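Asks: Protein chains in written order, with the numbering used here: chain A, 1 to 221; chain B, 1001 to 1221.
Just so it is clear, CB atoms sit at the ideal spot from N, CA and C, and this is done for glycine as well.
Since the model is a prediction, treat every value here as computed from it, not as a measurement.
Number of protein chains: 2
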Amino acid sequence: VVELHDVSKIYPMPAGDVHALNHVNFSIQKGEFVAIMGPSGSGKSTLMNMIGCLDVPTSGEIKINGKSTSEMTDDELTLHRRETIGFIFQKFNLISLLTAYENVEYPLILKHGHKDDTTRTRDLLRMVGLTDGQMQHTPYELSGGQQQRVSIARALANDPTFLLCDEPTGNLDSKMSMQIMEILTDLHAQGRTVVMVTHDPKTAEYAERIVIIKDGEIVNE
Amino acid sequence: VVELHDVSKIYPMPAGDVHALNHVNFSIQKGEFVAIMGPSGSGKSTLMNMIGCLDVPTSGEIKINGKSTSEMTDDELTLHRRETIGFIFQKFNLISLLTAYENVEYPLILKHGHKDDTTRTRDLLRMVGLTDGQMQHTPYELSGGQQQRVSIARALANDPTFLLCDEPTGNLDSKMSMQIMEILTDLHAQGRTVVMVTHDPKTAEYAERIVIIKDGEIVNE
Ligand SMILES: Nc1ncnc2c1ncn2[C@@H]1O[C@H](COP(=O)(O)OP(=O)(O)OP(=O)(O)O)[C@@H](O)[C@H]1O
Ligand SMILES: Nc1ncnc2c1ncn2[C@@H]1O[C@H](COP(=O)(O)OP(=O)(O)OP(=O)(O)O)[C@@H](O)[C@H]1O
Ligand SMILES: [Mg+2]
Ligand SMILES: [Mg+2]
């Protein structure tokens, strides 16, 4: 469903070019559960941005369902991201002026053009363990792990077929981590594709395939 | 060196009061290495803010070296924080307009009144595994784990006797985590006091004492 062909990402910096990704070849089949592991700074988040079409490669080609992203219009890419991809960011990326509830509701408003008149937003937040009271907190008024869980709920808002999770349990205790991994496992069992960056071997065990990246290159498959 | 007597922290919210800390009694001896563990949202970061005098309790008393913080002037508290405490934040709290180098140098400028004309800033960043090139990146241009390491280096800038670390290895792979725990262990062996929040049992093993917090209350000592 996603193919990366000879993809490189270079950041030109005063001290010298940073090769965040170096001629990467990588593909993900529909319905797979893949874990990506590797040292800090090795290129995992950069790879996730390529897979999720949040960034463009310096060279090489990315194909979504067989179609090259360079042949897609901006509108097509935006629609693809909004309709099919759920992205859980390493730094959560919540909107600080909105409450947890409004943050999760936001993708629904983007898709349907009006506020959520169902219980979906509330159900998603309940599923990640937030109380009705906590849903009214802004991110600043929530703990680190609560913010992480809100970003997980938000990624699931539009029922994505493709889940990209960048260290989804980094700020959670083991009991809560297991609950989140159960949710991801269920979603995968329903036929969705899951790609997860993790540095926790216990979390990686939930995946069917583990890919290791080092210095911007995939070192095993 | 730090005593909390019957400390409570209450956030009044529209949905009802949030009791982040509930009548907490807790003390830390000079030179101890204490780990604080507990579920997401249980009050760990709030407790750290109390210990580090970054926030005031709603009720109860905090004593630093026998002296109550309510009897200290703002200047005294600021000096205490700057001279003796190194704080590694759960969310890093780096200054986005400054480079990694400038972020670590900043506490040195606050203390000495001029830029660092020694190799201290560079040595600290080298110690946490950053290259000379990476030191010139702003936080946005660094990976999650690199940002976490910069915040660790910054906490050590003024050679603190009291280290407060809120999940210092949450974004790091196991090899890098071990390196950071070695650094904290060395600092402790030199006589410093270390208080560390972690949800990783492997990291907690480096401590001499583990304190568990649940729903704003300490449930063991
Ligand atoms: N400014 C605030 N206003 C209202 N409630 C708050 C505020 N800050 C924190 N809280 C609440 O206080 C409780 C404790 O928060 P705290 O950040 O100390 O938890 P924590 O143990 O560090 O959690 P985590 O492991 O997820 O980081 C949480 O339920 C949180 O929602
Ligand atoms: N905007 C940027 N400009 C310059 N260099 C960058 C930029 N973004 C990332 N980098 C560099 O690219 C490399 C890969 O970064 P990336 O965020 O993908 O790493 P990562 O594997 O996710 O690391 P971590 O496990 O620490 O999150 C790092 O060395 C980083 O410093
Ligand atoms: Mg990353
Ligand atoms: Mg916390």
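1) Taking only three categories from DSSP, how would you classify V1007(B)?
2) What would DSSP say about A207(A), mapped onto helix, strand or coil?
3) With distances taken Cα to Cα, identify the nearest neighbour of N1103(B) among S1027(B), L1094(B), L1110(B).
4) In terms of residues, what are the limits of the alpha helix (DSSP H) holding G145(A)?
5) Is the region 1060-1078 of chain B touching the region 1121-1141 of chain B, taking contact as three or more C-beta pairs under 8 Å?
6) So K1175(B) contacts chain A; which residues on that side make the cut at Cβ distance below 8 Å?
7) Touch check for the region 114-130 of chain A and the region 67-86 of chain A: three-plus C-beta pairs under 8 Å?
8) Is there at least one non-hydrogen atom of ligand 3 closer than 6 Å to the beta-carbon of S45(A)?
9) Please classify S1096(B) as buried or exposed, where buried requires at least 16 neighbouring CB atoms within 10 angstroms.
10) For E1076(B), is the beta carbon positioned less than 6 Å from some heavy atom of ligand 5?
11) Is it true that the region 207-219 of chain A meets the region 20-29 of chain A, where meeting means three or more beta-carbon pairs spaced less than 8 Å apart?
12) Does any residue of chain B bring its CB to less than 7 Å from the CB of H199(A)?
13) Select from the region 1095-1114 of chain B all residues with a C-beta closer than 9 Å to any C-beta belonging to chain A, and list them in chain order.
14) Can you check whether the CB of A1189(B) is closer than 7 Å to the CB of T1198(B)?
15) Kindly indicate which three-state DSSP category K44(A) falls into: helix, strand or coil?
16) Beta-carbon of Q1179(B) versus every beta-carbon of chain A: anything under 7 Å?
17) Got a sec? Which residues, its chain only, sit under 6 Å from I212(A) by beta carbon, not counting five neighbours each side?
18) Name, going along the chain, the residues of the region 1-29 of chain A whose beta-carbon falls closer than 8 Å to a beta-carbon of chain C.
19) Mind checking who V1(A) pairs with in its DSSP beta bridge?
20) CB of V1018(B) to nearest heavy atom of ligand 1: below 6 Å?
Replies: So, to answer that:
1) strand
2) coil
3) L1094(B)
4) It spans 144-155 - the alpha helix (DSSP H) in which G145(A) sits, taken as one unbroken run.
5) no
6) P39
7) no
8) Yes.
9) Residue burial annotation: S1096(B) is exposed, with fewer than 16 other C-beta atoms found within 10 angstroms of its C-beta.
10) Among the ligands present in this structure, namely ligand 1, ligand 2, ligand 3 and ligand 4, ligand 5 is not found.
11) Yes, since at least three Cβ pairs between the region 207-219 of chain A and the region 20-29 of chain A fall closer than 8 Å, the two stretches touch.
12) Yes, contact with chain B.
13) none
14) no
15) Note: K44(A) maps to helix in three-state DSSP.
16) So no, Q1179(B) is outside the interface.
17) M37, G38, V219, N220
18) Here chain C cannot be found, since the structure's protein chains are A and B.
19) None, per the DSSP bridge assignment.
20) yes
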